[in-house]
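Asks: So that we are looking at the same thing, I have put the structure below in C-alpha cells.
Number of protein chains: 2
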Amino acid sequence: MDPKQPIERVAFITVLRTAEELRARFERLLKDYGLTEPQFNVLRIVRGADKDGIPSQDIGRRMITRVPDVTRLLERLEQKGLVTRVRSDIDRRVVLTRITTEGRKLLSQIDDPVDDCHRQQFANMSKTDQKELIRLLNALAEG
Amino acid sequence: MDPKQPIERVAFITVLRTAEELRARFERLLKDYGLTEPQFNVLRIVRGADKDGIPSQDIGRRMITRVPDVTRLLERLEQKGLVTRVRSDIDRRVVLTRITTEGRKLLSQIDDPVDDCHRQQFANMSKTDQKELIRLLNALAEG
DNA sequence: CAGATATACTTGTTTTAACAAACATTGAAG
DNA sequence: CTTCAATGTTTGTTAAAACAAGTATATCTG
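Protein chains in written order, with numbering that gives the first Met the number 0: chain A, 0 to 142; chain B, 0 to 142.
Structural data, given as C-alpha cells:
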C-alpha cells in the first residue's frame, strides 16, 4: 500500500478491499446453492421473521439493498419457490413475505457450510481481535 | 446485532456493512463529478502509470473488477474523453491506456474533496485505532 | 367525509456486473 | 514453418443495481 497516502484513505481502501474479498469467497459458496448474497440474506431475514410474514420494507431496512429492488429480489425468490408473498389483510399496502418449506430446507443445507466458510475466513484471527475489529467498525458507523 | 450468531458471522457482516456505508457516501461524492467508484479507481491507476500507458490486464489486477469488464469500463472513460487507448506496437494483443489532460484536470478537482470525505468518515476514530483497524484487516487477508 | 399527505410497494428505464465464449496475437515445440 | 497452447482483449447474453416516477391504500385535517 502506498505509504504517501493519508491514513484515512488507506483505512478506507483496506475496509473496502477486505469486504470485497470476504464477499467474493462467500458468494462462490452460495452459488453452489443457486443463491446470490443478497438473496441469501433476505432468505435468512424471512426465516427469522414470525409466522405471519415480514413486510418488504422491514426487509429493506435490515439490508444494504434499497427498497425498490427488494420487490424484484423477492419476486425472484418467489419464482424459485423459496418464499411466498401475500398482501396483508390488516393493511393492504403491505406485502407479507413468508419462507416456504423448500426455502427452509435449502437454508438448512447451507447453514453449516456458511458457518464453516466464516470460521475459515477468520481462522487466523483470535476471538479477541475479532471483537476488537467489530468494536472499531461499529464505532466508525456512528460517526 | 443478533447475539446468538457466531462471532465470525457477526464480524463478517460488520465488515461488509461498514464497507457498504463507506462506499455509498464516497459514491455520492464522485457522482457530482460524473464518475462511479470503479471509474475513479481506474482513472487514478491510469494516472499513476507511466507515460506509455498501462495494459488493461494490469488495471484489472489492481482492481476488484474482473478483466472482461475493464474493457467496457475503459470504453466509457474514453467516451468521456478522460483516457485514450492505443494498441501496442510491441505486442499487438495489448491495449495501452493513457490519461488525457482532461482526465488529469478532473482528477485534480476531485483529489481534495476525496481526502476531505475520508477524513470526515474517520473523524471519530483516532489515528491509533485506524492503524489498528488496518492491521487487523490486513492480517485477515493473509489467512 | 373530502382533500391533502404519507406510506408501502411496483414499474420503467438506464447502467453496470457476472459469466461464458470468441477473437487475435504471440511464443513454443516438433 | 506449421501447429498448438497461452495470453490479452473483446463481444454476447443474462442478471442485477440505481434512480425516477407511478399506483394503491391509509391516515390526518378541517
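Don't be surprised by glycine CBs; every beta carbon is placed ideally from N, CA and C. Small disclaimer: the values here were computed from a predicted structure and weren't measured.
Going by CA-CA distance only, name the one from Ala122(B), Cys116(B) and Ser125(B) that's closest to Phe25(B).
Replies: For the purposes of this step, residue 25(B) is identified with residue 26 of the second sequence, where counting begins at 1. Here the closest residue by C-alpha is Cys116(B).
Asks: Note down, in chain order, each residue of its chain lying with its Cβ closer than 7 Å to the Cβ of Leu21(B), except the 5 sequence neighbours on either side.
Replies: As a working note, residue 21(B) is residue 22 in the second sequence. Taken in chain order, the residues that qualify are Gln120.
Asks: Excluding the 5 residues preceding and the 5 following Ile58(B) in the sequence, name in chain order all residues of the same chain whose CB lies nearer than 8 Å to its CB.
Replies: Position 59 of the second sequence holds residue 58(B). Hits under 8 Å: Val41, Ile44, Val45, Val69, Leu73 and Thr96.
Asks: Counting only beta-carbon atoms, is Glu20(B) nearer than 8 Å to chain A?
Replies: Translated into the one-based positions of the second sequence, residue 20(B) becomes position 21. Interface residue, yes.
Asks: Taking the Cβ atom as the reference point for each residue, do Thr83(A) and Thr99(A) lie within a distance shorter than 8 Å?
Replies: On the first sequence, position 84 is the one that residue 83(A) refers to. On the first sequence, position 100 is the one that residue 99(A) refers to. Yes, these two residues count as a Cβ contact at 8 Å.
Asks: Just confirm the distance between the C-beta atoms of Ile133(B) and Ala10(A), as a whole number of angstroms; I'd bet it's less than 8 Å.
Replies: Here residue 133(B) refers to the residue found at position 134 of the second sequence. Here residue 10(A) refers to the residue found at position 11 of the first sequence. The pair is a contact, with the Cβ atoms about 6 Å apart (cut-off 8 Å).
Asks: For the beta strand (DSSP E) containing Val82(B), list its first residue and its last residue.
Replies: Counting from 1 along the second sequence, the entry for residue 82(B) is found at position 83. Start and end: Val82 to Arg86.
Asks: Since Pro37(A) meets chain B, which of its residues come closer than 8 Å, beta carbon to beta carbon?
Replies: Numbered from its first residue, the first sequence carries residue 37(A) at position 38. Per Cβ cutoff of 8 Å: no residues; Pro37(A) is ~11 Å from chain B at best.
Asks: So which of Leu15(A), Tyr32(A) and Ala23(A) has the shortest CA-CA distance to Ile109(A)?
Replies: Along the first sequence, read from residue 1 onward, the residue named residue 109(A) stands at position 110. Checking every option, the nearest Cα to that of Ile109(A) belongs to Tyr32(A).
Asks: If you draw a straight line from the C-alpha of Ala138(B) to the C-alpha of Met124(A), how long is it?
Replies: Taking the second sequence and counting its residues from 1, one reaches residue 138(B) at position 139. Taking the first sequence and counting its residues from 1, one reaches residue 124(A) at position 125. C-alpha separation (whole angstroms): 8 Å.
Asks: If we cut at 8 Å on Cβ distances, does Pro5(B) have a partner in chain A?
Replies: Taking the first residue of the second sequence as 1, we reach residue 5(B) at position 6. Yes, Pro5(B) lies at the interface with chain A (some Cβ there is under 8 Å from its Cβ).
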